[in-house]
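Please read the structure below before turning to the comments.
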Amino acid sequence: MAQEYLKPAEGGLLVDVSCGSGLFSRKFVKSGAYSKVIALDFSENMLRQCYDYIKQDNNISTINLGLVRADVSRLPFASGSVDAVHAGAAMHCWPSSSNAVSDLSFFCVFCGFGRHKPPDTPC
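Each step along the sequence shown adds one to the number in UniProt numbering, with nothing skipped, and position 22 is 22.
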């Protein structure tokens, strides 16, 4: 479903914000639809787990995949530099979802947001 929604950004840079274990990041890379995928998370442990899963999967090319540790309220991207954003499972953990979405829209050409957990789910 996410892949279909992000179709307008194919061929561009996709950032998977709050990527967690990298489930969607890995799917995006495997699809070959994007020139670069950045798996981004605030948690060093989640990025480590994402990295471990990537290493275990021989079908993933790391040439167009980057892992970045960053806070959703202070993202390291210039205006208009990202073609698509996928943000889902951890939006409810962000200090201010509405501010983050506004900030993401600043540097993103096409943003796709989805909530994969109910808002009252604890982090």
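Glycine residues also receive a C-beta, built at the ideal position from the N, C-alpha and C atoms.
Element boundaries [alpha helix (DSSP H), containing residue i]
i           : result
K27         : 23 to 31
A70         : Counting along the chain, A70 falls outside any alpha helix (DSSP H), and DSSP gives it neither H nor E.
L47         : 44 to 56
residue 127 : A query on residue 127 cannot be resolved here, the shown segment of the chain reaching from 1 to 123 and no further.
Residue i: CB within 7 Å of a non-hydrogen atom of the ligand NAD
i   : result
L23 : What this structure holds is no ligand at all, so the ligand NAD is not there to describe.
Span of the beta strand (DSSP E), counted from its first residue to its last, around residue i
i   : result
L13 : 13 to 17
A84 : 82 to 87
A9  : Careful: A9 lies outside any beta strand (DSSP E) and carries neither H nor E.
A39 : 36 to 41
7 Å Cβ shell around residue i - same chain, five flanking residues per side excluded
i   : result
K30 : N59, I60
D62 : Asp is not the amino acid found at residue 62; the sequence shown has Thr there. Once the five neighbours on either side are set aside, the close Cβ partners of T62 are I54.
Among the options, the one whose alpha carbon lies nearest that of residue i
i   : options           : result
G66 : Q56, E4, C50      : C50
R69 : Y5, S43, Y34, A33 : S43
N23 : G12, L75, Q56     : For the sequence presented, residue 23 should be read as Leu rather than Asn. Residue Q56 is the option with its Cα nearest to L23.
G80 : A9, Y5, T62, A2   : A9
G32 : D41, R48, G12     : G12
Y34 : S73, K7, R48      : K7
Check whether residue i and residue j have beta carbons under 8 Å apart
i   : j   : result
D71 : A39 : no
S18 : Y53 : no
A78 : L14 : no
N64 : K27 : no
Own chain partners of residue i with C-beta closer than 6 Å, once the 5 adjacent residues on each side are dropped
i    : result
M46  : G20
P118 : Since pLDDT at P118 reaches only 44, below the 50 mark, its modelled position is unreliable, and the value read off the structure follows with that caveat. Correct list: empty, nothing qualifies.
Sequence-distant residues of the same chain with beta carbon closer than 8 Å to residue i, five excluded per side
i   : result
P76 : V68, A70
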